[in-house]
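Taking it in order: structure first as structure tokens, then the write-up.
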Amino acid sequence: MSTEEGTARLTAWSEAELGIEGDVRDVVRAPAGVLSARGADVDPTAPDMVQLAADLVATMRVSPGCVGLAANQVGVGVRMFCVDVTDHPKARTLHGTFVLCNAEVVEASRNEKAREGCMSVPDFTGDVKRGSRLTVRGQLPLTGEEVEFATDAFEARALQHEIDHTDGLLFLDRVAGAHAIYPRQTYL
């Protein structure tokens, strides 16, 4: 599948394709061991993985400000995550809501530093350098179709953050040092 075809397929994807309702799961917080271990590759067609995909989307949707959620953040050590940056003001390229299994960065360029936060590290944010242009390859849940697509700006950052989770890394592992970690601001 070409990058253009992958982009079209990803944009057309919807959690309705999974054919099941997702359950909201509890989010695991650091220093839980599942967050620091590389996830296992998954069979995206397996019924329990299809259910997990639906659960990830359901959990992301009820979590304020959440634009992505990895399986290990709900205590399941596998390489799967969901992303939706549609309503984020820093997003340029948008592919809507999607779930990827066994995803990897194919190409990244133009590193830029920006502030990140994480539901599994709720009290802190940090400055992280990441590629602002990205090509990613992964598989869709249920069908196992492989997609490859390009993105940029905030969606690229969100994808790298979630792929890091599947590799057992938190954003705290990517900051330049303690001087680049900040208490999370709460606005009333």
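For the sequence shown, the working numbering gives the first residue as 5, with consecutive numbering after it.
For each residue, glycine too, the CB sits at the ideal point set by N, CA and C.
Note that the structure is a prediction, hence the values are computed from the model and not measured.
- When Gln77, Ile167, Arg134 and Glu108 are compared, the shortest CA-CA separation from Asp30 is found for Gln77.
- Residues Ser124 of the same chain have their beta carbon placed closer than 6 Å to that of Arg33, with the five preceding and five following residues left out of the count.
- Remark: fewer than three beta-carbon pairs, one from each stretch, lie closer than 8 Å, so the segment 53 to 65 and the segment 149 to 156 are not flagged as touching.
- Residue environment analysis places Pro48 among the buried positions, since at least 16 neighbouring C-beta atoms fall within 10 angstroms of its C-beta.
- Using a 10 angstroms sphere on the CB of Gly121, the tally of other CB atoms reaches 16 or more, which defines it as buried.
- By the beta-carbon neighbour count (other beta carbons within 10 angstroms, threshold 16), Asn115 is exposed.
- Contact between Arg137 and Ala160 is confirmed by a C-beta separation of about 6 Å, below the 8 Å threshold.
- For Val54, the uninterrupted alpha helix (DSSP H) segment begins and ends at Pro51 to Arg65.
- The beta carbon of Val110 is closer than 7 Å to those of Thr139, Val140, Arg141 and Glu152 in its chain, skipping five residues each way along the sequence.
- Cβ-Cβ distances below 7 Å link Val80 to Leu56 in the same chain, with the five nearest sequence neighbours on each side left out; the list follows chain order.
- The C-alpha of Ala36 lies about 30 Å from the C-alpha of Ala95.
- In the three-state reduction of the DSSP assignment, Asp91 falls in the coil class, being assigned neither a helical nor a strand state.
- Bridge pairing for Leu22: absent [DSSP].
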